[in-house]
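These notes concern the structure reproduced below.
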Amino acid sequence: MLTDEKIMLNVARGELQQLSVLFDRYKGPIYSFFYRTSRNQMLSEDLTQNVFEKIIKYKHTYKDDTSFKAWIFRIARNVNHDDFRKNKLKLNRNVEISELNIAESNLEATEEKREREHLLYCAIDRLEPLDKETLLLAKIEKMKYADVAKVQGCTESAVKVRVFRAIKKLKEHYYTLDH
Amino acid sequence: MNWEEKIISFFENELDAQEILDLQEAVRMNEDLSKMMDEYTQLYESFDNAPQVEPSAKLQSRFDDVLANAVKEKSSKAMVFNLNGFTKVAAAAVLIMVGVFVGKEYSSRQDLNDLNDQMADMRYDMKSLINDESSTARIQAVSLAHNTQDPDSDMINILIETMADDKSSNVRLAAVKSLEKHMQKDFVRVELITALNNEKDPAVLIEIIQQLSRFKDKEALEPLDKLTKDVELYKFVRDEAHLGIIQITST
C-alpha cells in the first residue's frame with residue numbers, strides 16, 4: 000500500500016487524481032476533528048472540504064520529509080482558527096451530540112456506553128481551547144505526540160505537558176458532571 | 000511528582016518497572032488512590048471507545064466536483080500556455096518530455112527495491128480495487144499499476160478497460176496517464192486512438208491527444224482531424240487536436 004507521503008508527493012507533482020486516495024483516508028479523521036470541536040455537521044463538512052481545497056491550492060508547499068498526517072492536521076487547525084476568527088463563534092457550543100452522526104457500527108452501543116460518550120464530550124467541551132485541541136488530536140485521533148507538536152508548532156515536551164494538564168482537568172469535569 | 004501525576008504517567012507509559020510496582024503497592028494500600036486509579040482507567044477507556052463520526056455522502060460528491068474542476072483547470076492552463084506561440088509550444092513540449100523522462104527515471108529508481116517485493120500483493124490489490132463501487136478505490140487500483148515496475152498484460156488490459164469504460168472521468172484520466180508508460184506497445188496505442196473517438200470528457204481527451212502527439216503516432220492523425228472539426232467539442236479541445244496534428248507531422 001502506498002504511503003500517504005508518497006501519494007501526496009505525486010499530487011504535488013501534478014497527479015491531482017491521487018488526492019482521492021488521501022481524501023478517502025482522511026475525510027473521516029478531519030471531519031471528526033471539526034465535528035468534535037464544533038458539534039455542527041454542516042460546518043464540519045464545509046471546513047473539511049476547505050482543507051482539501053487548500054491542499055490542492057498549496058500542494059507545491061508539501062515537503063517530502065513531512066508527515067502527511069501532521070501536515071493535513073496543521074491545515075485543519077488553521078482552517079478552524081480562521082473560521083473561529085471570521086465567525087466569532089465560541090468553540091464550546093452547547094449542542095448535544097447528534098445521534099445521526101454516530102457511525103452505524105456504534106448504533107448498537109449500550110445506553111450506558113452512550114451516556115459515557117456524552118459525558119466525555121461534555122467534559123472535553125469544558126476544557127480550554129488549546130487543551131481541548133491537544134486531547135482531541137492525541138487521545139481521540141491517536142496522533143503521536145511528535146505529530147501533535149508539528150501541528151501545534153511546539154515541542155513534543157510541551158505537548159506532553161498539555162496532555163497531562165488537560166487530562167487532570169478533564170477528570171475533574173468528567174466526574175463533576177457524573178454526580 | 001504526586002500520586003495523581005504518577006497515575007497519569009502510568010497510563011502514558013512514562014513509568015519504569017520499579018515505579019509501576021511502587022504505584023501498584025500504593026494503590027493497593029490506599030482506598031482514595033484506588034478510587035482515583037479506577038476513575039483514570041475509565042477515562043482512558045473512554046478515549047479508546049470514542050465513537051467514529053462520519054460525514055454525509057454529500058461531502059464525497061462535493062470533493063469529486065472540486066477535484067474534477069481542479070483537473071480541468073490544470074488542463075486549461077496548460078492549453079493557454081500552449082496557444083501563446085509555436086516557439087512556446089515547442090519549448091513546452093520539450094520541457095514536458097524532459098520532465099516526464101526525468102520524473103520516470105527518478106520514480107523508477109526510487110520504486111524499484113520496494114516494488115519488487117510487493118509486486119504480487121499489488122496485482123492482487125489492483126484486481127480487487129478496480130471493481131469497487133468507490134471511484135477513490137478504483138483510482139487507487141490505477142495508482143498501483145502506475146507504480147508497478149513491470150506490470151503484466153492483465154494489469155495493462157485492466158488499465159485499458161478502465162480508460163474505456165469507467166463511469167468516473169477522474170478514474171479514466173488516471174488510467175490514461177498510467178498507460179503512457181506502455182505507449183511503445185502497439186495495442187496500447189490502438190486503444191488510445193479508439194478512445195479518441197469515444198471519449199467525451201475534455202480533460203481525458205486532452206490527455207489522450209497529448210500522449211499520442213508526444214509519441215508522434217501517425218495513426219492518430221485521422222481521428223485528430225475529425226476532432227478539429229467536431230463543433231460539439233470545446234474550442235480548446237479542438238485546438239489541442241490541431242496542435243497534436245502539428246506535433247505529429249513536424250520533423
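Taken in order, these protein sequences are the chains called B and F.
In this text, residue positions in the first sequence follow numbering that gives the first Met the number 0: the first is 0, and each later residue adds one.
In this text, residue positions in the second sequence follow numbering that gives the first Met the number 0: the first is 0, and each later residue adds one.
From the three backbone atoms N, C-alpha and C, an ideal C-beta is built for every residue, glycine too.
If you follow the alpha helix (DSSP H) that residue i is part of, which residue opens it and which one closes it?
| i | result |
| --- | --- |
| Tyr39(F) | 30-47 |
| Leu136(B) | Here Leu136(B) belongs to no alpha helix (DSSP H), and DSSP marks it neither H nor E. |
| Leu14(F) | Note, Leu14(F): premise wrong, no alpha helix (DSSP H); not H, not E. |
| Gly27(B) | 18-37 |
| His181(F) | Premise fails: His181(F) is in no alpha helix (DSSP H) and is neither H nor E. |
| Val10(B) | 3-11 |
| Pro201(F) | 201-213 |
| Ser134(F) | 134-145 |
| Asp64(B) | Looking at the DSSP string, Asp64(B) is not in any alpha helix (DSSP H), and its letter there is neither H nor E. |
| Pro222(F) | 220-227 |
| Met154(F) | 152-164 |
| Gln48(B) | 40-56 |
| Ile7(F) | 2-10 |
| Tyr174(B) | 155-177 |
| Gly152(B) | No alpha helix (DSSP H) contains Gly152(B), which DSSP labels as neither H nor E. |
| Arg113(B) | 110-124 |
| Asp149(F) | From DSSP, Asp149(F) is part of no alpha helix (DSSP H); its letter is neither H nor E. |
| Thr60(B) | Where Thr60(B) is concerned, there is no enclosing alpha helix (DSSP H), given that its DSSP letter is neither H nor E. |
| Asp238(F) | 234-248 |
Under 8 Å by Cβ, that's how I've got residue i and residue j pegged, so tell me the actual separation to the nearest angstrom.
| i | j | result |
| --- | --- | --- |
| Pro54(F) | Lys26(B) | 6 Å |
| Glu3(F) | Met28(F) | Not confirmed; about 16 Å, so no contact. |
| Leu143(F) | Asp124(F) | 6 Å |
| Phe194(B) | Phe62(F) | Look at the range of chain B in this structure, 0 to 178, and you will see that residue 194(B) is not part of it. |
| Leu158(F) | Ala174(F) | 5 Å |
| Phe83(B) | Ile7(F) | Their Cβ separation, rounded to whole angstroms, is 29 Å, which puts Phe83(B) and Ile7(F) out of contact at 8 Å. |
| Asn48(F) | Lys112(B) | 7 Å |
| Lys53(B) | Ile74(B) | 5 Å |
| Leu15(B) | Lys73(F) | 6 Å |
| Ser177(F) | Val203(F) | Actually they are not in contact, since the Cβ atoms of Ser177(F) and Val203(F) sit about 13 Å apart, beyond 8 Å. |
| Asp224(F) | Arg237(F) | Actually they do not touch by this definition, with Cβ atoms about 11 Å apart. |
| Ser45(F) | Arg161(B) | That pair is no contact at about 19 Å. |
For residue i, count neighbouring C-beta atoms within 10 Å of its own C-beta (all shown protein chains included) and say buried if the count is 16 or more, exposed if not.
| i | result |
| --- | --- |
| Asp130(B) | buried |
| Ala240(F) | buried |
| Ala56(F) | exposed |
| Glu98(B) | Here the model assigns Glu98(B) a pLDDT of 42, short of 50, so the residue's position is not dependable, and the following value carries that caveat. Classification of Glu98(B): exposed, given that the 10 Å Cβ count is below 16. |
| Thr2(B) | exposed |
| Gly243(F) | buried |
| Leu134(B) | buried |
| Ser249(F) | exposed |
| Leu111(F) | At Leu111(F) the pLDDT is 46, less than 50, meaning the model places this residue with poor confidence; the figure from the coordinates comes in the next sentence. Leu111(F) is exposed by the Cβ-count criterion. |
| Lys56(B) | exposed |
| Ile205(F) | buried |
| His181(F) | buried |
| Ile245(F) | exposed |
| Phe9(F) | buried |
| Leu20(F) | exposed |
| Glu103(B) | Annotation note: pLDDT 45 at Glu103(B) (below 50); position unreliable, coordinate value reported separately. Looking at its Cβ environment, which holds fewer than 16 other Cβ atoms inside 10 Å, Glu103(B) is exposed. |
| His145(F) | buried |
| Val10(B) | buried |
| Ala145(B) | exposed |
| Ser212(F) | buried |
| Lys5(B) | buried |
| Leu21(B) | buried |
| Thr60(B) | exposed |
| Val189(F) | exposed |
| Asn12(F) | exposed |
| Val70(F) | buried |
| Asn1(F) | exposed |
| Glu231(F) | exposed |
So, is the C-beta of residue i closer than 8 Å to a C-beta in chain A?
| i | result |
| --- | --- |
| Ser31(B) | Of the protein chains in this structure, namely B and F, none is chain A. |
Any heavy atom of the ligand COA within a distance shorter than 7 Å of the CB on residue i?
| i | result |
| --- | --- |
| Ile129(F) | Absent from the structure shown: the ligand COA. Ligands present: none. |
Give, in chain order, every residue of the segment 171-199 of chain F whose Cβ lies closer than 9 Å to some Cβ of chain B.
Leu172, Ala173, Lys176
Which residues, taken in chain order from the segment 45-56 of chain B, show a beta carbon closer than 7 Å to some beta carbon of chain F?
Thr47, Gln48, Phe51, Glu52, Ile55
For the segment 15-44 of chain B, enumerate the residues whose C-beta is nearer than 8 Å to any C-beta of chain F, in chain order.
Leu15, Gln16, Gln17, Leu18, Ser19, Val20, Phe22, Asp23, Lys26, Gly27, Tyr30, Ser31, Tyr34, Arg35, Gln40, Ser43, Glu44
Please list, in chain order, the residues of the segment 116-140 of chain B that have any C-beta partner in chain F closer than 7 Å.
Glu116, Leu119, Lys138, Ile139
Using Cβ-Cβ distances below 7 Å, what residues of the segment 27-46 of chain F are close to chain B?
The residues in question are Glu38, Tyr39, Leu42, Ser45, Phe46.
According to a CB-to-CB cut-off of less than 9 Å, which residues of the segment 138-167 of chain B neighbour chain F?
Lys138, Ile139, Lys141, Lys159, Val162, Phe163, Ile166, Lys167
Can you give me, in chain order, the residues of the segment 57-73 of chain F that have a beta carbon less than 9 Å from any beta carbon in chain B?
Lys57, Leu58, Gln59, Arg61, Phe62, Asp63, Val65, Leu66, Ala69, Val70, Lys73
Between the segment 58-81 of chain B and chain F, which residues of the former have CB atoms less than 7 Å from a CB of the latter, in chain order?
Going along the segment 58-81 of chain B in chain order, one finds no residue with a Cβ nearer than 7 Å to chain F.
Proximal residues, the segment 128-139 of chain F versus chain B, C-beta separation under 8 Å
Ser133, Ser134, Thr135, Ala136, Ile138, Gln139
Short-range partners of chain B found in the segment 143-170 of chain F, where Cβ spacing is below 8 Å:
Leu143, Asn146, Asn169, Val170
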